[in-house]
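What follows is one structure encoded as structure tokens, with my remarks underneath.
Residue numbers (our numbering): 16 to 276.
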């Protein structure tokens, strides 16, 4: 069977509105990764690789990104950032192959969500271990407090995702349809303004896989120049603080909106 062209693939695997889903489509997907993924998808749609197998590979790439951060020096930061890009690519490709073959499934959606939880948590835990200086490149002892902060950031990143996903669980168990985007606006005008300001600043995205990997890479470059782990440790503190704050603010935002009504 001949490979479909990009023009043939696009309307099927990128249905109308896919790139416009501000709450569902990552900015990297809209800007460049969806165009790259199309070129990979056309080579995979006629292969024996299943969409779920691609999702498993996505999970492996995401967890490997966290493990790569244990490699000391700039090499570990670069490897982590590249593996997160591979994770993002596979996250696009698995769904595109599924849509072309009409093999979308609840199992696929579930694995995708589990993959996001595991991968982003692994990245932040790996970053905390990197800051702890596991192999004593910046001191005589391992400073486990930094590993704790990385784990705290990972827990916050998971909880933020869980808070969003549990809205659908609560609505489904109550017999309600899926929530609409407009329901996310808080009923209080003050909270609505605060949410709008937070959305404009987008600081909450910094604990996401792509954004965190770029921050980690920047810290790795700065540490390479500076000669220690100063910038890595500053960024670990920043990500842990953002994760804790965003977990609380996101919960308040959900409870104050119409998403549970």
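By construction, the Cβ of each residue, glycine as well, lies at the ideal position given by its N, Cα and C atoms.
Quick caveat: nothing in here was measured; it's all calculated off a predicted structure.
From residue i to residue j, what distance separates their C-alpha atoms?
{"i": "residue 273", "j": "residue 42", "result": "26 Å"}
{"i": "residue 154", "j": "residue 271", "result": "47 Å"}
{"i": "residue 276", "j": "residue 58", "result": "44 Å"}
{"i": "residue 30", "j": "residue 110", "result": "11 Å"}
{"i": "residue 243", "j": "residue 95", "result": "19 Å"}
{"i": "residue 166", "j": "residue 177", "result": "16 Å"}
{"i": "residue 188", "j": "residue 26", "result": "34 Å"}
{"i": "residue 117", "j": "residue 227", "result": "33 Å"}
{"i": "residue 152", "j": "residue 158", "result": "12 Å"}
{"i": "residue 184", "j": "residue 169", "result": "22 Å"}
{"i": "residue 232", "j": "residue 93", "result": "6 Å"}
{"i": "residue 16", "j": "residue 24", "result": "15 Å"}
{"i": "residue 150", "j": "residue 251", "result": "18 Å"}
{"i": "residue 248", "j": "residue 98", "result": "21 Å"}
{"i": "residue 40", "j": "residue 106", "result": "11 Å"}
{"i": "residue 141", "j": "residue 182", "result": "29 Å"}
{"i": "residue 90", "j": "residue 132", "result": "25 Å"}
Go to residue i, then tell me how far its alpha helix (DSSP H) extends in each direction, as first and last residue.
{"i": "residue 73", "result": "66-83"}
{"i": "residue 173", "result": "159-188"}
{"i": "residue 127", "result": "121-146"}
{"i": "residue 52", "result": "49-59"}
{"i": "residue 23", "result": "21-28"}
{"i": "residue 265", "result": "245-270"}
{"i": "residue 105", "result": "89-116"}
{"i": "residue 234", "result": "224-241"}
Within the same chain, show all residues whose beta-carbon is closer than 8 Å to that of residue i, passing over the 5 residues directly before and after it, in chain order.
{"i": "residue 163", "result": "143"}
{"i": "residue 261", "result": "171, 175, 218, 219, 222"}
{"i": "residue 192", "result": "186"}
{"i": "residue 104", "result": "48, 51, 52, 55"}
Give every residue of the same chain whose Cβ lies closer than 6 Å to the Cβ of residue i, excluding the five residues on either side of it in the sequence, and list them in chain order.
{"i": "residue 246", "result": "234, 237, 238"}
{"i": "residue 119", "result": "113"}
{"i": "residue 19", "result": "57"}
{"i": "residue 66", "result": "109, 112, 113, 118, 123"}
Leaving aside the five residues before and after residue i along the sequence, list all residues of the same chain whose C-beta is less than 7 Å from its C-beta, in chain order.
{"i": "residue 172", "result": "135, 136, 139, 222, 258"}
{"i": "residue 102", "result": "73, 76, 77, 80, 134, 224"}
{"i": "residue 128", "result": "180"}
When you measure from the CB of residue i to every non-hydrogen atom of the ligand FAD, does any distance come out below 7 Å?
{"i": "residue 132", "result": "By its list of ligands, the structure shown contains no ligand whatsoever, and the ligand FAD lies outside what it can speak to."}
- Query: Okay, do the stretch 44-52 and the stretch 73-86 touch, 3+ Cβ pairs below 8 Å being the bar?
  - Reply: Segments in contact, no.
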